[in-house]
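Report on the following structure.
Numbering (my numbering), first residue to last: 146 to 551.
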């Protein structure tokens, strides 16, 4: 039984005894939040520029989202996909209406959405086109999730360690290199899977024209183009979908993180043609598309649209990158801003700056940030942050870089 009198340090110690050692959480326990701020058990306040790793797009305790969840919880939480539910139908209608997709499959996470995409691509090629195409091309430094096929698709060896043999059929090419991509596609390739912006890989934006080039290469080679928008989707980059930056229509794309503002949900969207690869029983999800998650997602989309948050993300994200660039001129070891919208970061020279130490100092000073790839600090704040929140975050980061909070 939890003891009220336990200190935060005592609870952290108990958690470390109980949990499998998958994570290295910082020694803080959050109990409540409001807007872009989180509060721990001792009522210390933190400006949240981690955002649940690009999940909490409306911040914390948003009244519209909280009310939608509470109202749905009083009605029905789960019915399974043996039946329809109204929230799922409404969400499917909304997402398809606001994308170039025709069909949707709901699940619970980004990894599951990517698993569905990978399975669909292989099955479409075999059962619809009648071709023995089963291989995939993805990018080095990509990240597609933690399930077996998803880590096999991930082009970072550190995620593979200890899990071999991996799922066969994945080739990794340099991100942004169309020539390497085309050379890697052979007669057995069924699809290309790419992130429009690499998040976990280091907040890396490809060269202008790369997304259009992917579409052209895939069309020429007769393979499917699939975008992993798990981290970039739902407005994070200043467009509803990051592939809209180059007006490209993928055959398949996947979403998750910010879709329901913190309630677990994922989805795979595809064209009518590619959807023919699935038939009853080919793939499923027990909890996917449950009424609670779908109602939460509808509330998130309502707020994003009614409050014009995507345009706000673009504006405040530009301000964030500008301030980070300015900071990079003042602090040795920083190599400039990266990213799009509020999927942002700053390059770091690891020989000069210890990222883990900086993240720890920032937390001690009341700022939450994360790291990504081999050489970046990452910022994924809620869409509701203001320019003044950005200014506070950058000022706190500068203090940490200069040794405060140690």
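Even for Gly, the Cβ is constructed at its ideal location relative to N, Cα and C.
TODO: Determine, using beta-carbon pairs with one atom in the region 454–464 and one in the region 375–383, whether at least three such pairs fall under 8 Å.
DONE: Contact holds: three or more Cβ-Cβ distances are below 8 Å.
Open item on the list: Under DSSP, the alpha helix (DSSP H) around residue 408 begins and ends at which residues?
Closed with: Per DSSP, residue 408 belongs to no alpha helix (DSSP H) and is neither H nor E.
Open item on the list: Within a Cβ cutoff of 6 Å, which residues of the same chain sit near residue 336, ignoring the five residues on either side of it in sequence?
Closed with: Cβ neighbours of residue 336 beyond the five flanking positions: 266, 281, 368, 369, 371.
- [ ] Keeping to the same chain, check which residues put their C-beta closer than 6 Å to that of residue 439; ignore five residues upstream and five downstream.
- [x] Counting only Cβ-Cβ distances below 6 Å, and skipping sequence neighbours, we find 232, 233, 236.
TODO: Measure the Cβ-Cβ separation of residue 401 and residue 258 and say whether it is below 7 Å.
DONE: Yes. Within cutoff.
Task: Beta-carbon contacts of residue 537 that lie in its chain and below 7 Å, excluding the five residues immediately before and after - done: Answer for residue 537: 192, listed in chain order.
Task: Bridge-paired residues (DSSP) for residue 349 - done: In DSSP, residue 349 forms a bridge with 343.
Task: residue 464 versus residue 262: straight-line alpha-carbon distance, rounded - done: Taking the Cα positions, residue 464 is about 35 Å away from residue 262.
Open item on the list: Suppose you measure from the CA of residue 426 to the CA of residue 547; what does that come to, to the nearest Å?
Closed with: The C-alpha of residue 547 is placed about 58 Å away from the C-alpha of residue 426.
Open item on the list: Closer than 6 Å to a non-hydrogen atom of the ligand COA - does that hold for the CB of residue 316?
Closed with: Only the bare structure without any ligand can be found here, which leaves the ligand COA out of the picture.
Task: Whether residue 186 touches residue 174 by CB criterion (7 Å) - done: In this structure, the beta-carbon distance from residue 186 to residue 174 falls below 7 Å.
Task: Where residue 457 sits in the DSSP three-state scheme - done: Three-state DSSP puts residue 457 in a helix.
Task: Terminal residues of the alpha helix (DSSP H) in which residue 507 lies - done: Taken as a continuous stretch (DSSP letters only), the alpha helix (DSSP H) holding residue 507 covers 500–509.
Task: Chain-order list of residues whose beta-carbon lies under 8 Å from that of residue 481 (same chain, five-residue window excluded) - done: Same-chain partners within the cutoff: 469, 470, 473, 491, 492.
Open item on the list: By the three-class DSSP mapping on this structure, what secondary structure does residue 232 have?
Closed with: Looking at residue 232 - three-state DSSP - the assignment turns out to be helix.
Task: Nearest-angstrom Cα separation, counted from residue 404 out to residue 260 - done: Going from the Cα of residue 260 to the Cα of residue 404 covers about 18 Å.
- [ ] Look up residue 449 in the DSSP assignment and say whether it is helix, strand or coil.
- [x] Reduced to three states, the DSSP call for residue 449 is helix.
Task: N- and C-terminal bounds of the alpha helix (DSSP H) containing residue 179 - done: No alpha helix (DSSP H) contains residue 179, which is instead part of the beta strand (DSSP E) from 175–179.
Task: Residue range of the alpha helix (DSSP H) that includes residue 218 - done: Where residue 218 is concerned, the enclosing alpha helix (DSSP H) stretches over 208–218.
Open item on the list: Classify residue 541: buried if its beta carbon has 16 or more other beta carbons within 10 angstroms, exposed otherwise.
Closed with: Buried: at least 16 other Cβ atoms inside 10 Å.
Task: Residue environment, residue 147, which counts as buried when at least 16 other CB atoms sit within 10 Å - done: For residue 147, the pLDDT reaches just 47, beneath the cut-off of 50, and the residue's location in the model is therefore unreliable, although a value from the coordinates is still provided. Exposed, since its Cβ has fewer than 16 Cβ neighbours within 10 Å.
Open item on the list: Quick check: residue 529 and residue 204, are their CB atoms within less than 7 Å of each other?
Closed with: Yes, the Cβ-Cβ distance between residue 529 and residue 204 is below 7 Å.
TODO: For residue 443, collect the residues of the same chain with a Cβ closer than 8 Å to its Cβ; drop the 5 residues on either side in sequence, then sort them by chain order.
DONE: Closer than 8 Å at the Cβ level, and outside the excluded window around residue 443, lie 213, 232, 235, 236, 239.
Open item on the list: Looking at the secondary structure, which residues open and close the beta strand (DSSP E) in which residue 248 lies?
Closed with: The continuous beta strand (DSSP E) containing residue 248 extends over residues 248–252.
Task: Under 7 Å between C-beta atoms of residue 342 and residue 377 - done: Yes; because the gap between Cβ atoms is below 7 Å, this pair is in contact.
Open item on the list: Using a Cβ-Cβ cutoff of less than 6 Å, which residues in the same chain neighbour residue 420 once the five nearest sequence positions on both sides are dropped?
Closed with: Leaving aside the five residues that flank residue 420 on each side, the residues in its chain whose CB is nearer than 6 Å to its CB run, in chain order, 248.
Open item on the list: Measuring straight from C-alpha to C-alpha, what distance separates residue 183 and residue 479?
Closed with: Residue 183 and residue 479 have their alpha carbons spaced roughly 27 Å apart.
Open item on the list: Once DSSP output is grouped into helix, strand and coil, what is the label at residue 472?
Closed with: Three-state DSSP puts residue 472 in a helix.
Task: Cα-Cα separation, residue 502 to residue 190 - done: Each residue's Cα considered, the two are about 20 Å apart.
Open item on the list: Check for me: the alpha helix (DSSP H) holding residue 541 runs from which residue to which?
Closed with: That run of the alpha helix (DSSP H) goes 532–546.
Open item on the list: I'd like to know whether the C-beta atoms of residue 319 and residue 285 end up nearer to each other than 7 Å.
Closed with: In this structure, residue 285 lies closer than 7 Å to residue 319 by Cβ.
- [ ] Let me know the secondary structure DSSP gives residue 147 once reduced to three states.
- [x] For residue 147, the predicted model reports a pLDDT of 47, less than 50, meaning its position is unreliable; a value from the coordinates is still stated below. In the three-state reduction of the DSSP assignment, residue 147 falls in the coil class.
Open item on the list: Between the alpha carbons of residue 206 and residue 218, how many angstroms are there, rounded?
Closed with: If I take the Cα positions, the gap works out to 16 Å.
Open item on the list: One question on the structure: do residue 517 and residue 347 come within less than 7 Å of each other, judged by their Cβ atoms?
Closed with: Result yes, Cβ atoms of residue 517 and residue 347 sit closer than 7 Å.
Task: CA-to-CA distance, residue 477 to residue 208, given in whole angstroms - done: Straight-line measurement puts the Cα of residue 477 at about 42 Å from the Cα of residue 208.
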